[in-house]
Amino acid sequence: MNEQALITDAQGGNLDAFNTLVLHYQDSVFNTALRILGDEDQAADAAQEAFISAFKSIKSFRGGSFKGWLMRTVTNACYDELRRQKRRPTTPLEPDTDDGEEMDSPRWLADPGMTPDQKAEADEVEHALQHCLNNLPLEFKTVVVMADIQGLDYTEVSVAIRVPLGTIKSRLARARLRLRECLQGFEELLPASYRLEEGINA
Amino acid sequence: MNQRDLELLSAYLDGQLNPSDVTRLEARFQSDPQLVSVLNDLRGTRNLLRKLPARRAPRNFTLTRKMVGQNPPLPRAYPIFRLATALATLLFVFSFGLNSFSRFAASQAPAFGMGGGGGGAEDSVAAPYAAEIPATEAPAATEAPSVALAPPASTLFPTQEAANAAQTAESPTLKTGEAPNELNQSQPLTEQQVPANASSPLIPSVWQIGLAIVAVIGLLLMLVSRGLAMNRWR
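Residue numbers (our numbering), protein chains in the order written: chain A, 1 to 202; chain B, 203 to 436.
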């Protein structure tokens with residue numbers, strides 16, 4: 001796939017060229033939206049909105065990382081979705097404690113009807129991580145999803161969300177630390193291969 | 203562990219530190235086991251995030267032309283068809299309005315005229331005075347209402363000219379004593395003119411039919427050319 005040629009064609013209004021790019025990046029875009037929003041249906045809607053918005057504004061793309069540019073578009077679509085949710089709040093999945101605070105422990109994930117063997121390893125990790133991601137502030141979540149899940153480098157993340165490089169470094173470090181603290185509550189549920197115990201030279 | 207050290211460790215993990223910072227940090231690892239512990243935690247977290255299974259998109263997000271509001275290139279003649287249709291429709295509606303208004307105006311006009319001519323009581327009161335008037339003047343006074351109506355009606359509806367002319371032609375022959383009776387007889391005549399006037403429209407029906415045909419043909423041409431353009435585009 002000649003990405004640059006497709007981008008140039010798409011900038012000229014060629015929808016087929018743009019759709020080729022969509023097919024190439026749709027999984028990344030959907031996963032980014034899914035990790036930020038934590039809901040599959042909302043993520044699909046945000047991804048669709050992001051591609052529509054991307055096509056309409058593709059003339060503003062001036063080179064650089066197209067994936068980073070798409071990530072910015074999907075992040076904006078997710079922010080819009082979250083703003084909509086704020087206007088129309090829904091009941092969270094997590095149960096509240098007696099004090100009215102959101103329960104931040106693995107207990108709520110433990111389904112008494114299922115044994116640990118029935119849970120697929122990937123599902124356990126995903127549930128735990130998604131729960132911890134959902135508890136992160138939005139600006140931390142966006143950075144960690146782009147850098148650690150989508151594999152963008154610091155510069156690409158900085159360009160994508162229009163935040164200085166130093167802020168990206170700071171947010172990423174703090175996000176990782178918070179995730180670490182949250183995941184410690186899930187450690188017993190995580191399979192051995194996913195435990196947080198790798199050495200300095202790992 | 204302060205914020206600065208945390209950022210250094212995170213950047214070190216990602217290979218984002220310059221060589222001098224790397225050397226300094228690695229020297230601290232030898233003397234500060236907490237730094238190593240935190241680095242391991244960060245690395246473990248990052249590895250876990252990287253192992254997060256990537257979901258496949260639940261459907262294709264490819265765009266349709268409708269989604270992005272793209273329209274097919276229309277033929278050059280399309281704006282002409284559109285303009286012709288719009289103008290013909292506008293004129294068609296206007297002609298209906300004008301004809302209706304002229305009918306309404308014609309039906310209202312005799313009512314105003316009769317206000318001056320009066321009913322039977324007025325006629326009977328006016329009769330003695332009319333009798334004193336010379337015969338040559340009487341018709342002008344008594345026939346005034348109906349004659350006053352005639353000019354606008356005759357200009358609007360030429361078909362009434364003959365009737366009006368006949369009516370005015372009769373009036374000089376009226377005699378003084380006959381004035382009241384002739385007045386009473388002249389009123390029904392004036393009222394009879396109204397339906398006749400209303401039946402002839404200001405804009406001929408042929409024109410209206412022509413306008414309707416132009417509007418319909420223009421609309422059909424618009425639809426056909428648009429449909430053909432859409433098919434070619436797909």
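From the three backbone atoms N, C-alpha and C, an ideal C-beta is built for every residue, glycine too. Every value quoted in this text rests on a predicted model; they were computed, and no experiment measured them.
Less than 7 Å between CB atoms is the rule here; does residue i satisfy it with respect to chain A?
i: T225/B; result: no
i: R248/B; result: yes
i: D234/B; result: no
i: E209/B; result: yes
i: R428/B; result: no
i: Q410/B; result: no
i: Q218/B; result: yes
i: N204/B; result: no
Using a C-beta cutoff of 7 Å, does residue i count as contacting chain B?
i: D111/A; result: At D111/A the pLDDT is 46, less than 50, meaning the model places this residue with poor confidence; the figure from the coordinates comes in the next sentence. No, because no Cβ of chain B sits closer than 7 Å to the Cβ of D111/A.
i: L136/A; result: no
i: D148/A; result: yes
i: Q85/A; result: no
i: A77/A; result: no
i: A44/A; result: yes
i: F55/A; result: yes
i: M1/A; result: no
Going along chain A in order, which residues have a C-beta closer than 7 Å to the C-beta of residue i?
i: M269/B; result: I52
i: S212/B; result: K169, L172, A173 and R176
Just the chain B side, please: which residues come within less than 7 Å of residue i by C-beta, in chain order?
i: N19/A; result: T264 and L265
i: I7/A; result: Here the premise fails: no neighbours, minimum Cβ distance about 15 Å.
Report the option in the options whose CA atom is closest to the CA atom of residue i.
i: L179/A; options: A128/A, R88/A, G13/A and I36/A; result: A128/A
i: V157/A; options: F66/A, K59/A and R87/A; result: F66/A
i: P255/B; options: T155/A, Q184/A and E121/A; result: E121/A
i: I7/A; options: E49/A, A46/A, R35/A and G64/A; result: G64/A
i: F306/B; options: V416/B, P403/B, S407/B and L423/B; result: P403/B
i: C78/A; options: G68/A, F61/A and R35/A; result: R35/A
i: T287/B; options: S407/B, N433/B, M269/B and V416/B; result: V416/B
i: L208/B; options: L177/A, G185/A and R88/A; result: L177/A
i: L133/A; options: S297/B, S304/B and L251/B; result: L251/B
i: R248/B; options: G185/A, E188/A and A147/A; result: A147/A
i: L425/B; options: I282/B, G299/B, M203/B and P235/B; result: I282/B
i: F450/B; options: Q236/B, T266/B, S304/B and I411/B; result: Since the first residue of chain B shown is 203 and the last is 436, residue 450/B is not available in this structure.
i: L37/A; options: L172/A, Q11/A, R84/A and A175/A; result: R84/A
i: R62/A; options: G185/A, E188/A, A47/A and A10/A; result: A10/A
i: E124/A; options: K253/B, L244/B and K268/B; result: K253/B
For a contact defined as C-beta to C-beta under 8 Å, what are the partners of residue i on chain B?
i: Q11/A; result: What Q11/A touches in chain B: nothing, since even the nearest Cβ is about 13 Å away.
i: E126/A; result: L254 and P255
i: L209/A; result: Missing from the structure shown is residue 209/A; chain A here goes from 1 to 202 and no further.
i: V144/A; result: L251
Taking residue i as the query, report the chain A residues whose CB atoms sit under 8 Å from its CB, ordered along the chain.
i: L444/B; result: Beyond the ends of chain B as shown, which are 203 and 436, falls residue 444/B; an answer cannot be given.
Note down, in chain order, every chain A residue with its Cβ under 9 Å from the Cβ of residue i.
i: Q199/B; result: Any question about residue 199/B goes unanswered here, given that chain B covers just 203 to 436.
Anything in chain B within Cβ reach of residue i, meaning under 9 Å, just list it in chain order.
i: Q4/A; result: What Q4/A touches in chain B: nothing, since even the nearest Cβ is about 20 Å away.
For the region 250–265 of chain B, which residues have a CB atom closer than 8 Å to at least one CB atom of chain A, in sequence order? Taken in chain order, the members of the region 250–265 of chain B whose beta-carbon sits within less than 8 Å of a beta-carbon on chain A are L250, L251, R252, K253, L254, P255, A256, R257, R258, A259, P260, R261, N262, F263, T264 and L265.
Residues, ordered as in the chain, of the region 151–172 of chain A that lie near chain B by beta-carbon distance below 7 Å: For chain B, the residues of the region 151–172 of chain A that bring a beta carbon within less than 7 Å of one of its beta carbons are Y154, K169, S170 and L172, in chain order.
Check whether the region 25–32 of chain A touches the region 247–262 of chain B, counting contact only when three or more Cβ pairs, one atom from each stretch, lie closer than 8 Å. Yes, the region 25–32 of chain A touches the region 247–262 of chain B.
Output, in sequence order along the chain, the residues in the region 173–187 of chain A whose CB is closer than 8 Å to any CB in chain B. A173, R174, R176, L177, L179, R180 and L183
So if I threshold CB-CB distances at 7 Å, which residues from the region 21–41 of chain A count as touching chain C? Annotation note: the requested chain C is absent from the structure, which comprises protein chains A and B.
Would you check if the region 68–88 of chain A and the region 164–180 of chain A touch, i.e. whether three or more CB-CB distances between them fall below 8 Å? No, the region 164–180 of chain A is not in contact with the region 68–88 of chain A.
If contact is defined by three or more beta carbon pairs under 8 Å, each pair taking one atom from either stretch, is the region 276–295 of chain B in contact with the region 408–428 of chain B? Touching, yes, given that three or more Cβ pairs across the two stretches are closer than 8 Å.
Touch test, the region 261–272 of chain B against the region 228–241 of chain B, Cβ-Cβ under 8 Å, three pairs minimum: No contact exists between the region 261–272 of chain B and the region 228–241 of chain B.
Does the region 49–56 of chain A come close enough to the region 8–22 of chain A to have 3 or more Cβ pairs within less than 8 Å? yes
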